[in-house]
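>
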Amino acid sequence: MQQLSRWFPILTTFQSYNRRTLNRDLLAAAIVTVLLIPQSLAYALLAGLPAEVGLYASMVPLVVYGIFGSSSTLSVGPVAVISLMSAAALGEVTATGEVDYLSAAAALALLSGGILFLLGTLRLGMLANFLSHPVISGFITASALLIALSQLRHLLGVAAQGDTAPELLLSLWQNLNSINSLALITGVGVLIFLYWSRALAAKWLEKMGSSSSNAELFAKAAPVVGVLVTIVLSISINFEAHQVALVGAIPAGLPPLSLPHLSLPLLQSLFVPALMIAIIGYVESISVAKTLAAKRRQRIDSNQELVALGMANISSGISGGFPVSGGFSRSVVNDAAGAQTQFASLFTALGIALAALFLTPFLYYLPKTTLAATIIVAVLSLVDFSILRKTWHFAKADFIAVTLTIAVTLLMGVEPGVACGVGASLLLFIYRASKPHIAEVGLVEGTEHFRNIHRHQVKTVPEILTFRVDGRLIFSNIGVLEDRIYTGLANNSQVKHVILMCSAVNEIDWSALEVLESINSNLLDREIQLHLSEVKGPVMDCLERSSFLQKLSGGIFLSQYQAFSSVTEY
322 MQQLSRWFPI LTTFQSYNRR TLNRDLLAAA IVTVLLIPQS LAYALLAGLP
372 AEVGLYASMV PLVVYGIFGS SSTLSVGPVA VISLMSAAAL GEVTATGEVD
422 YLSAAAALAL LSGGILFLLG TLRLGMLANF LSHPVISGFI TASALLIALS
472 QLRHLLGVAA QGDTAPELLL SLWQNLNSIN SLALITGVGV LIFLYWSRAL
522 AAKWLEKMGS SSSNAELFAK AAPVVGVLVT IVLSISINFE AHQVALVGAI
572 PAGLPPLSLP HLSLPLLQSL FVPALMIAII GYVESISVAK TLAAKRRQRI
622 DSNQELVALG MANISSGISG GFPVSGGFSR SVVNDAAGAQ TQFASLFTAL
672 GIALAALFLT PFLYYLPKTT LAATIIVAVL SLVDFSILRK TWHFAKADFI
722 AVTLTIAVTL LMGVEPGVAC GVGASLLLFI YRASKPHIAE VGLVEGTEHF
772 RNIHRHQVKT VPEILTFRVD GRLIFSNIGV LEDRIYTGLA NNSQVKHVIL
822 MCSAVNEIDW SALEVLESIN SNLLDREIQL HLSEVKGPVM DCLERSSFLQ
872 KLSGGIFLSQ YQAFSSVTEY
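Quick note: the sequence shown uses our numbering, first residue 322, plus one each step.
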């Protein structure tokens, strides 16, 4: 049973499930369902898919995640950034006409789900840690701006196209003479209402006597009010007769369960976009899940989340959907509404299914400008230009990586932006791994402590050169230490002892060991002894399995003070 519960966390939940928990899950599901319907429609259109596909992607994946997921509050479904990435990938693949858009979308979901599931079964959740958080923040900021620009055409009621910021802006400019005034007034009205709801609605509702939690919850559900009001206006004023674009006919019914047509060329062309979607989707989901879990003092299993998101995407692919991920806004609403367990996701899926069966005739009259306003408000909350200021002051390398990611995403599109973000993250990792902090240290008089000679008033002895290495000693950075030692010797001809303070060295590889042997040999030729101090157990184990200790010209000391004292009369 314990083994089964590891793969199916919902089994553990089921054992302690009771009526009180059921009622709270049902309430949360009802609220999230109302929020998810317009979001699903909007993000499907953003991905270039028919509106009903958004509903399909919000049913079976929710059920599957509820069964496999370790988070009690994460709500899975279409999200803005993943929808934009899907649109970019599908536009390229379907440009030749050899595969239809719907089949390619389902195949993309299957492939990204398969990648996530494979990573999860191999327990490789830590791979996401190699993506720099500032770089991810920069990519999401640029993507949010692209999404907002892409939705301006619906807000203005014009025909505009483009995958990059320059293309979108130029296309919008060329079509400004064909603005639909009714669509613009409606969209701007919804925009103003949604921003008012975010900024002031909660406070206003509290003054009216509502509790702070309920006021916050109703404020987050404001998009539903915008949808209902504009549908009523659309019917009463006859928006369709005024050429205001509507969502149109949505087939009633549940998603068809079938495998999309797959071919090797299609999978090959979709693999890289699917990999990028999988990585970005996982990072976004796990961030939301861990944030909400921390509030409840719950634990999130990163590897199980990979499996759960993988299965959710696979199920989306076989139920006529497209790639999905954990959504921030609806997950926050799910948490605020009091969702207690994964069963809330199952009940939400049931609510979406009922909507797909009975509400689609009503959704026919929903103006696309309303959905555009909803998307714009949602994605602009993701824009965070403060990351530029923060990284500029904190680390210039991070600033360069973030700026480059934002610029490439805006100017060249989503896929180059993702590739740039991943590349920048890896380059940052390699750069930092190859540049360990190495400090020349001296004795703080009156103590047994050693500190950086450039930061503290310390005692040094001309005959002793001592460095503290802050990091691993591996093939990529051992050359830096070697250069520091020889530079120090070149600047001081009196040196008789070199001491390496290894208190922060957690690992040493074979390449580094060979360089240390070379340093030891070269120092011995100059009649200079090499000593080590404060060597950690795992590092000492590695040294003992080699011949280095037998060749070492100096000694190994338990503390830096002992090493310093043994080679000086101080």
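Glycine residues also receive a C-beta, built at the ideal position from the N, C-alpha and C atoms.
Would the beta-carbon of Ile829 fall within 8 Å of that of Ile598?
Their beta carbons are not under 8 Å apart, which means Ile829 does not touch Ile598 by this criterion.
> List the DSSP bridge partners of Asp791.
Per DSSP, His758.
> Given a cut-off of 8 Å, decide if Gly875 and Gln850 are closer than it, judged by their beta-carbon atoms.
Going by C-beta atoms, Gln850 is nearer than 8 Å to Gly875.
> By a C-beta neighbour count over all protein chains shown, 10 Å radius and 16 as the cutoff for buried, is Thr394 buried or exposed?
Burial call: buried.
> Just to confirm my understanding: we take Tyr891, look at its own chain, exclude 5 residues before and 5 after, and list those with CB closer than 8 Å. What are they?
Unreliable positioning characterises Tyr891 in this predicted model, as indicated by a pLDDT of 42, which lies under 50. A coordinate reading is not provided.
> Using only the alpha-carbon positions, how far apart do Ile877 and Gly744 sit?
Each residue's Cα considered, the two are about 41 Å apart.
> For Leu731, I'd like the list of residues in its chain whose CB is within less than 6 Å of its CB, leaving aside the five on either flank, ordered along the chain.
Ala463, Ala486.
> List the endpoints of the continuous beta strand (DSSP E) containing Met447.
Looking at the DSSP string, Met447 is not in any beta strand (DSSP E), and its letter there is neither H nor E.
> From this set, Ser707, Val397, Val593, Ser868, which residue's C-alpha is nearest Val739's C-alpha?
Answer by Cα proximity: Val593.
> Return the residue from the list Val836, Asn634, Glu855, Gly547 that minimises the CA-CA distance to Val826.
That would be Glu855, whose Cα lies nearest to the Cα of Val826.
> Could you have a look at Ser797 and say whether DSSP puts it in helix, strand or coil?
Coil.
> Quick check: the Cα distance between Gln661 and Arg345, rounded to an integer number of angstroms?
If you take the alpha carbons of Gln661 and Arg345, they lie about 7 Å apart.
> Among the candidates Leu366, Leu692, Val456, whose CA atom is the shortest distance from the CA of Phe750?
For the residues Leu366, Leu692, Val456, the minimum Cα distance to Phe750 belongs to Val456.
> Output the boundary residues of the alpha helix (DSSP H) element that contains Leu864.
Where Leu864 is concerned, the enclosing alpha helix (DSSP H) stretches over 858 to 865.
> Please report how far the alpha carbon of Gln883 lies from the alpha carbon of Ala728, in whole angstroms.
For Gln883 and Ala728, the distance between alpha carbons rounds to 53 Å.
> Let me know the secondary structure DSSP gives Gln871 once reduced to three states.
Helix at Gln871.
> Could you give the DSSP three-state label for Leu627: helix, strand or coil?
Leu627 falls in the helix class under three-state DSSP.
> According to DSSP, is Asn773 part of a helix, a strand, or is it coil?
Note: Asn773 maps to strand in three-state DSSP.
> How close, in whole Å, do the beta carbons of Thr790 and Leu834 come, if the pair is a contact with beta carbons under 8 Å?
It should be noted that the sequence gives Val, not Thr, for residue 790. Contact doesn't hold; Cβ gap of about 14 Å is too wide.
> Rounded to a whole number of angstroms, what is the C-alpha to C-alpha distance between Leu439 and Val628?
Whole-angstrom Cα-Cα distance: 8 Å.
> Sort Leu467, Asn634, Gly435, Val374 by Cα distance to Ile697 and report the nearest one.
For the residues Leu467, Asn634, Gly435, Val374, the minimum Cα distance to Ile697 belongs to Leu467.
> Answer yes or no: do Gly369 and Ala416 have a C-beta to C-beta separation smaller than 8 Å?
No, these two residues do not count as a Cβ contact at 8 Å.
> Straight-line CA distance for Ile840 to His852?
C-alpha separation (whole angstroms): 11 Å.
> Hey, how far is the Cα of Gly510 from the Cα of Val400?
Approximately 24 Å, taken between the alpha carbons.
> Where do the N-terminal and C-terminal ends of the beta strand (DSSP E) with Ser854 fall, by residue?
Element bounds for Ser854: 850 to 854.
> What number of angstroms, rounded off, separates the C-alpha of Val604 from the C-alpha of His454?
So the two alpha carbons sit approximately 9 Å from each other.
> Taking only three categories from DSSP, how would you classify His818?
His818: strand per DSSP, three-state reduction.
> Between the alpha carbons of Ile795 and Trp831, how many angstroms are there, rounded?
So the two alpha carbons sit approximately 8 Å from each other.
> Please specify which runs of the alpha helix (DSSP H), each continuous and at least 4 residues long, are wholly inside the region 635 to 701, giving them in chain order.
Listed in chain order, they are 649 to 657, 664 to 679, 681 to 684, 689 to 701.
> Quick one: what does DSSP say Tyr891 is sitting in, helix, strand or coil?
Because the pLDDT at Tyr891 is just 42, under 50, the model does not fix this residue reliably, and the value given afterwards should be weighed accordingly. It is coil, neither helix nor strand.
> Of the residues Met861, Asp719, Thr669, Val550, which one's Cα is nearest the Cα of Ile358?
Comparing Cα positions, the closest option is Thr669.
> Work out the CA separation of Ala425 and Leu587 for me, nearest whole Å.
Spanning the two alpha carbons is a distance of roughly 8 Å.
> How is Leu879 classed by DSSP in three states: helix, strand or coil?
DSSP places Leu879 in coil when its eight states are reduced to three.
> Please determine if the region 553 to 564 and the region 363 to 381 are in contact, where contact requires at least 3 C-beta pairs separated by less than 8 Å.
Not touching, per the Cβ criterion.
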